[in-house]
Amino acid sequence: MNFSFPKIELHLHIDCSLSFAFVSKYIPGISKEDYSKTYNAPVNCCSLIDYLACAQAAIQLMQTREQLYDATMDVIRQLEADQVIYAELRFAPLQHLHQGLTPEEVVEACLAAMEDYEGNVKVRMLLCTLRHFSKAESDLTADLVIKYNHRGVVGLDLAADEAGFGLENHQSAFEKVNHAGISCTSHAGEACGPESVWETIQKLNARRIGHGIRSVEDEDLMIKLKEADIHLEICPTSNHMTRVFHESANYPVNHLLLHDVSFGINTDGRAISNVTLGDEYRWLHTEKGWTLEDMFKVNSNAIHAAFIPEMEKDILMSQLRDGFERTNGFSN
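Residue 1117, in our numbering, is where the sequence shown stops; the numbers in between run on with no holes.
Written as structure tokens, this is what we have:
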């Protein structure tokens, strides 16, 4: 099987994906060993919090316009090398204010890289509010989504410590974005069980769920996801590293296939998880028996769930079909 087929990635954190080349520019002389120790999470983290802590060093390297621009371009170039044809990159603007930038300047620096890029990857942006943020911080993030929607910010996300913080501070932000006709996603069903996914659907009106793998623990929820066409942004390697499922044999991704729930495959963070989408699909093929038909299906699902107009989805579907036929002789 040729894994250079076209891919879609909807769940990718910029700050968790900085390459050795990028880090070397801002920390001259850093060794690959030191890069790995700092920017790659341990294969077996103790928890999601342990995993997320590895992003802090990267965030400190994303505090100027130049750094933010370069970081965004760096991730886009990684996507290009991984044959990704569409991606939604996400980051939390309020984490990048330590050297005097305004939230608007942060967003504009990342958007400038997206707009300057000339290549084969179509890129859009999601802005994250974080579970531990105040209501005011969450509302400000929502305002940024609305302000920059016309430039390619296509949605709002809620990320970070799902188990430690509730939704109370974030409902008004999601209401504001939904009222503006802009789409939302939210991390859930990762550190917590299906009850977290239910709450997110009911209180935030999210069209997609970041991770959501623990939805398989509730058959009624699986039915709800299918009936409401709510898409799960599944991140296999990340889930293994954060101990959501301790054994790869128990990872229930095929259960989602059997129930025909919409989901796609993502890396979550290419540096922190030390993985590419090609790697994810190789693992799914080797360990889970996935066929080209399965891989085509989940990428089609992701296109359908992307926060872009239908006309743009049609173009991506054409590229997906052509690419699968070109690389593997697969037609659908």
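Where a beta carbon is used, it is the ideal one built from N, C-alpha and C, also for glycine.
In this text the structure is predicted, and so the values were computed from the model without any measurement.
Asked	Found
I'd like to know whether the C-beta atoms of C977 and R999 end up nearer to each other than 9 Å.	yes
Taking 9 Å as the cut-off, decide whether the C-beta atoms of L941 and L912 are in contact.	yes
In its own chain, which residues sit with a C-beta less than 8 Å from the C-beta of D924, not counting the 5 before and 5 after it?	S957, A958 and K961
Under 8 Å Cβ to Cβ from R936, same chain only, skipping five residues before and after it: list those, please.	L896 and E900
With DSSP as the reference, please indicate the residues paired to L797 in a beta bridge.	L874 and D1053
Taking just the CA atoms, how far does K1098 sit from K1082?	14 Å
Cα separation between S816 and V891?	29 Å
Consult DSSP for V869 and reduce its assignment to one of helix, strand or coil.	strand
Entirely within the region 924 to 967 and at least 4 residues each: give me those alpha helix (DSSP H) ranges in chain order.	956 to 964
Does the beta-carbon of P827 have 16 or more other beta-carbons within 10 angstroms, so that it is buried, or is it exposed?	exposed
Express the C-alpha separation of V808 and L846 in angstroms, rounding to a whole number.	8 Å
Verify whether the separation of the beta carbon atoms of L795 and A872 is less than 9 Å.	yes
Checking the sheet assignment: what are the DSSP bridge partners for K907?	Y871
Classify L1010 as helix, strand or coil using the three-state DSSP reduction.	helix
Rounded to a whole number of angstroms, what is the C-alpha to C-alpha distance between N829 and A945?	19 Å
Between F1048, L929 and N990, which has its C-alpha nearest E889's C-alpha?	L929
Are the region 1057 to 1072 and the region 1007 to 1023 touching, with three or more C-beta to C-beta distances below 8 Å?	yes
Spatial neighbours of H881 within its chain, please: C-beta separation below 8 Å, excluding the five flanking residues on both sides.	I844, M847, Q848, L853 and V891
Where does F807 fall in DSSP's three states?	helix
So V906 and I931 are supposed to be a Cβ contact under 8 Å. How far apart are they, rounded?	In fact, because the Cβ distance is near 25 Å, the residues do not count as touching under 8 Å.
Does the beta-carbon distance from M1007 to V1046 come in below 9 Å?	yes
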